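A.B. asks: One structure follows; several queries about it will come next.
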Amino acid sequence: QCPITLEQPEKGIFVKNSDGSDVCTLFDAAAFSRLTGEGLPHPLTREPITASIIVKHEECIYDDTRGNFVIKGN
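Reading the sequence shown from the start, the letters are residues 13 to 86 in the working numbering.
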């Protein structure tokens, strides 16, 4: 579920938790777009949102042992 809307995203977008993080979070694309349009920080880490933290869907996988999405190969 999206941490902003607390609902299952209709259209999702994966975002790293920070620039150096290998953890991805699934957000509702419309909600995340509103967030960036208002210049607000990342809702989980409070870090600035930059293009480098947006991740393609195929670059993230769910890691059962860690209990979250991660960048493939990490």
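All residues carry an ideal CB built from backbone N, CA and C; glycine is no exception. Just so we're clear, the structure is a prediction, and the values are computed from it rather than from any experiment.
Do you know whose CA, among G32, R46, N86, lies nearest I73's CA?
C.D. replies: Locating residue 73 in the sequence shown gives position 61, counting from the first residue. Residue N86 is the option with its Cα nearest to I73.
A.B. asks: According to DSSP, is L47 helix, strand or coil?
C.D. replies: Locating residue 47 in the sequence shown gives position 35, where the first residue counts as 1. Helix, per DSSP.
A.B. asks: If you check the beta carbons only, do I61 and H54 fall under 8 Å apart?
C.D. replies: Taking the first residue of the sequence shown as 1, we reach residue 61 at position 49. Taking the first residue of the sequence shown as 1, we reach residue 54 at position 42. Yes.
A.B. asks: Less than 8 Å between the beta carbons of V27 and V67, yes or no?
C.D. replies: As a first step, residue 27 is located in the sequence shown; it is residue number 15 there, counting from the start. As a first step, residue 67 is located in the sequence shown; it is residue number 55 there, counting from the start. The answer is yes: Cβ separation under 8 Å.
A.B. asks: Going by beta-carbon coordinates alone, are T48 and P15 separated by less than 8 Å?
C.D. replies: Reading the sequence shown from its first residue, position 36 is the one you call residue 48. Reading the sequence shown from its first residue, position 3 is the one you call residue 15. Against a cut-off of 8 Å, the Cβ pair of P15 and T48 comes out as no contact.
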